[in-house]
Amino acid sequence: MSNARRILIIDDDEGMRDSLSEQFALHDEFESLLAETATEGLKRAKEEHVDLVLLDVNLPDLDGREACKLLRRGGFKGPIVMLTGQASDADTILGLDAGANDYVTKPFKLAVLLARIRAQLRQHEQSEDAVFTIGPYSFKPAAKLLVDEGGDKIRLTEKETSILKYLYRAGERVVTRDVLLHEVWGYNAGVTTHTLETHIYRLRRKIEKDPAQSEILVTETGGYKLVP
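If you read the sequence shown in numbering that gives the first Met the number 0, its first letter stands for residue 0, the second for the next number, and so on.
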């Protein structure tokens with residue numbers, strides 16, 4: 000399972016689009032979607048799952064700030080980072096007022112852009128709007144909810160939510176019991192692997208068709224992982 004964050008790059012500069020896409024491809028945590036115009040970008044954001052939008056201010060068919068407003072009106076709740084050649088405070092304010100989360104001035108260092116992107120994604124993950132896909136479910140950590148394809152809701156405990164969140168972030172890596180214990184319960188001397196296994200058992204009863212034959216939250220040598 001790839002939990003790469005999907006970044007939609009809306010920029011009419013082909014060199015910029017390709018360069019950013021190539022750089023993101025070097026990091027397993029990101030996957031790029033490309034759009035040359037605001038119209039194309041708005042369409043992709045509506046039809047596909049997008050975690051964050053990189054949006055150029057100067058687009059051939061529409062001002063980037065207007066595109067930002069349309070993204071928000073269309074229901075896009077993820078972070079939007081504006082890219083601009085203008086560095087004035089007035090431009091920054093206009094972008095943020097349009098619904099952008101951050102403003103990065105060209106030329107920029109890739110390391111700085113990546114840090115800003117990661118910071119926005121981390122912040123979004125803690126928000127009420129964050130939604131992730133786990134198997135057939137939409138996972139809403141802030142609400143401690145899983146919603147199945149029919150709209151039925153499965154309520155989770157705080158610990159169950161934390162377990163799923165950590166396993167989701169781990170992607171294809173197996174997470175050992177000790178690591179999960181530390182991440183979910185912290186330095187609590189009274190907590191043992193039996194406590195974790197009890198929570199995993201209860202979680203499977205909620206999310207698996209057959210808890211005895213797990214297909215979503217599976218046991219691997221030494222620990223657990225999520226599969227699509």
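In this text, a Cβ means the ideal position worked out from N, Cα and C, and glycines have one as well.
Query: Who are the Cβ neighbours of VAL49 in its own chain at under 8 Å, not counting the five residues just before and after it?; Result: ARG5, ILE6, LEU7, LEU32, ARG43, PHE75, GLY77
Query: Going along the chain, which residues of its own chain have a beta-carbon closer than 7 Å to the beta-carbon of ARG16, five neighbours each way excluded?; Result: ILE8, ASP10, LEU33
Query: Buried or exposed: where does VAL111 fall if 16 or more other Cβ atoms within 10 Å of its Cβ makes it buried?; Result: exposed
Query: Using alpha carbons as the reference points, say which of LEU179, ASP177, LEU51, VAL56 lies closest to VAL130.; Result: LEU51
Query: Bridge partners for ALA34 per DSSP, in chain order?; Result: ILE9
Query: Only counting the same chain, and skipping five residues up and downstream in sequence, which positions put a Cβ closer than 7 Å to that of GLU28?; Result: ALA3, ARG4
Query: Beta-carbon separation of TYR167 and GLU182 under 7 Å?; Result: no
Query: Tell me which residue opens and which closes the alpha helix (DSSP H) that SER137 is part of.; Result: Not the alpha helix (DSSP H): SER137 falls in the beta strand (DSSP E), residues 136 to 139.
Query: Who are VAL174's beta bridge partners in DSSP?; Result: TYR223
Query: Please work out which residues of its chain come closer than 7 Å, Cβ to Cβ, to PRO135, disregarding the five sequence neighbours upstream and downstream, and give them in chain order.; Result: ASP147, GLU148
Query: Can you check whether the CB of ALA99 is closer than 7 Å to the CB of ILE79?; Result: yes
Query: So, GLY222 versus THR175, is the Cβ gap smaller than 7 Å?; Result: yes
Query: Taking LYS152 as part of the beta strand (DSSP E), name the residues at either end of that continuous run.; Result: 152 to 154
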